[in-house]
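K.L.:
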Amino acid sequence: MDKQVPSNMAASYVIIGAGQAGRRAAETIKDLRPHADVLIIGDENFLPYDRPPLSKQVLFDEAEEKVAFIRSREFYKSVGIRLLLGRSAVTVDRAAHCVHLSDGSVVAFNKLLLATGSRARRLNCPIGNGAQVHYLRSLADARALRREMNNGRRIAILGGGFIGLEVAAAARSLNCEVTVIEPQERLLKRSLPAVVGSSIQRLHVSKGVRFLLGRTPLAVTTSAHHRGVVELDSGEVAADIVIAGVGSQPNTELAESAGLEVENGIVIDSCCRTADMDIFAAGDVTAHFSKFHGRRVRVEAWQVAEYQSVTAAKNMLGEEGEYDETPWLWSDQYDWNVQALGSFDMPGEIHLRGDSATNCFSVWNFGSKGEVLAVAAVNCGRDVSVARRFIKERTRIDPSKLEQRDVPIRECVASG
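58 is the number of the first residue of the sequence shown in the numbering used here; add one for each residue after it.
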């Protein structure tokens with residue numbers, strides 16, 4: 058924590074949020090305007106860090122934490138990015154162009170970026186006295202889990218989304234007994250086709266993970282012999298550790314208190330501006346208009362923090378660029394890499410390229426005119442790379458050719 062901070066200070070460019078989006082925005086401003094006065098405010102005592110490694114290698118080994126910390130303290134000093142850590146922003150006074158912090162400090166700004174991110178959604182079922190439910194959103198959360206996930210411990214994971222599955226993979230790699238409880242009847246139902254979810258489930262089962270699908274947690278309690286007991290709509294699961302991965306919710310309270318529009322995220326235009334021309338927002342806290350979807354969306358993905366923050370930073374400096382990325386996400390589980398580009402929410406025809414019984418295939422979603430709407434790939438990153446251009450250019454594809462794995466994807470473009 059930085060101790061020597063005056064009660065009142067100022068910076069031309071103030072960034073609230075010391076995560077990936079805040080870091081990338083600060084770096085972009087300094088790259089384009091080296092003498093700019095940039096200040097990052099973070100409510101944790103850590104240097105800015107990226108969150109994707111938290112559910113993967115950071116759970117295995119303390120030494121792997123360096124993967125999350127992209128930049129050292131020396132880097133921030135060398136480029137002139139000031140850090141104000143261990144303090145949270147309490148209110149934004151738009152008229153006075155200043156931010157009030159939890160320690161009583163006041164920071165004045167010319168341009169402000171809200172990169173406040175999101176937090177783990179809490180379980181909506183009762184938690185009994187003495188019962189502990191772990192969440193994974195911060196480095197402190199990852200450290201706490203790493204201390205708990207010892208060889209042979211029984212772990213109940215509530216939620217079969219990407220976070221839950223990545224934690225399951227990490228836990229099995231540490232020889233823990235793992236049960237995944239998911240209210241839906243299949244894994245990843247909201248984001249990926251059934252064939253991908255079932256393939257990932259087979260992978261986990263082959264590693265020893267037990268699944269209880271279509272089962273709803275009613276409460277988390279304890280017993281005389283177990284630290285955690287998950288009571289289900291039929292039966293119960295005893296565990297040493299209970300972990301919940303049931304989604305996230307955006308940290309919009311600061312924006313709301315400032316009178317900015319919020320609708321499942323901080324509402325911004327295509328240039329990452331809020332309704333206040335001097336206040337921008339970036340990362341998974343934002344609700345932005347997506348040309349791809351044709352509507353406003355909030356996307357929880359590395360891509361948004363990495364690229365939307367760059368657009369916001371450039372526009373804070375006076376540019377007028379737009380954020381217009383096709384949604385993309387990825388997940389590493391054991392030795393598998395899973396990627397998804399576009400959206401399977403859009404109605405279309407699903408076609409399989411390759412054999413889903415193997416560990417290398419892709420699933421494509423086509424619109425009524427044969428245009429690519431989405432692709433999900435298991436250990437086939439090249440398919441996603443090619444599909445990116447197809448989606449952007451709305452290229453029509455011949456599904457019958459695409460389904461033939463020996464036909465190069467670039468030769469599957471429809472004629473006429």
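In this text, a Cβ means the ideal position worked out from N, Cα and C, and glycines have one as well. Remember, it's a predicted structure, so these values are computed and weren't measured experimentally.
Within the same chain, show all residues whose beta-carbon is closer than 7 Å to that of E382, passing over the 5 residues directly before and after it, in chain order.
P.N.:
Answer for E382: Q360 and Y364, listed in chain order.
K.L.:
Along the chain, where does the beta strand (DSSP E) that runs through D389 open and close?
P.N.:
Here the beta strand (DSSP E) through D389 covers W385 to Q390.
K.L.:
Starting from N167, trace the beta strand (DSSP E) both ways and give me its first and last residue.
P.N.:
Taken as a continuous stretch (DSSP letters only), the beta strand (DSSP E) holding N167 covers V163 to L171.
K.L.:
Okay, do the segment 315 to 328 and the segment 214 to 231 touch, 3+ Cβ pairs below 8 Å being the bar?
P.N.:
The segment 315 to 328 vs the segment 214 to 231: no contact.
K.L.:
If contact is defined by three or more beta carbon pairs under 8 Å, each pair taking one atom from either stretch, is the segment 397 to 404 in contact with the segment 233 to 242?
P.N.:
Segments in contact, no.
K.L.:
For my contact list, R453 and G427 are in at a C-beta cut-off of 8 Å; report their separation, rounded to the angstrom.
P.N.:
With 8 Å as the limit, R453 and G427 qualify as a contact, their Cβ atoms being about 4 Å apart.
K.L.:
Looking only at its chain, what residues have a beta carbon closer than 7 Å to the beta carbon of L275, apart from the 5 residues adjacent to it on each side?
P.N.:
Correct list, in chain order: C182, E288, L289 and D290.
K.L.:
Quick check: the Cα distance between G79 and F166, rounded to an integer number of angstroms?
P.N.:
So the alpha carbons of these two residues sit roughly 15 Å apart.
K.L.:
Which residues mark the beginning and the end of the beta strand (DSSP E) in which Q306 is found?
P.N.:
That run of the beta strand (DSSP E) goes S305 to P307.
K.L.:
If we ignore side chains and look at the alpha-carbon of each, how far apart do R352 and F346 end up?
P.N.:
Their Cα atoms are separated by approximately 5 Å.
K.L.:
Mind checking who M66 pairs with in its DSSP beta bridge?
P.N.:
M66 is bridged to V164.
K.L.:
Which residue from N416, R284 and K134 puts its Cα closest to that of N186?
P.N.:
Here the closest residue by C-alpha is R284.
K.L.:
P456 to A339, Cα distance in whole Å?
P.N.:
Straight-line Cα distance between these residues: approximately 37 Å.
K.L.:
I need the boundaries of the beta strand (DSSP E) containing Q258, first residue and last residue.
P.N.:
Here Q258 belongs to no beta strand (DSSP E); instead the alpha helix (DSSP H) covers A251 to S263.
K.L.:
Look up G322 in the DSSP assignment and give the residues it is bridged to.
P.N.:
The partner list for G322 (beta bridge, DSSP) is empty, contrary to what the question assumes.
K.L.:
Give a yes or no on contact between the segment 197 to 212 and the segment 113 to 120, applying the rule of three or more CB pairs nearer than 8 Å.
P.N.:
Result yes; three or more Cβ-Cβ pairs closer than 8 Å.
K.L.:
Taking just the CA atoms, how far does F447 sit from C469?
P.N.:
So the two alpha carbons sit approximately 11 Å from each other.
K.L.:
List the residues that DSSP assigns as beta-bridge partners of F349.
P.N.:
Looking at the DSSP assignment, F349 forms no beta bridge with any residue, so it has no partner.
K.L.:
May I have the straight-line CA-CA distance separating A362 from A281, to the nearest angstrom?
P.N.:
Using only the alpha carbons, I get a separation of about 45 Å.
K.L.:
How long is the line joining the alpha carbons of Q306 and L260, rounded to whole angstroms?
P.N.:
The alpha-carbon atoms of Q306 and L260 are separated by roughly 29 Å.
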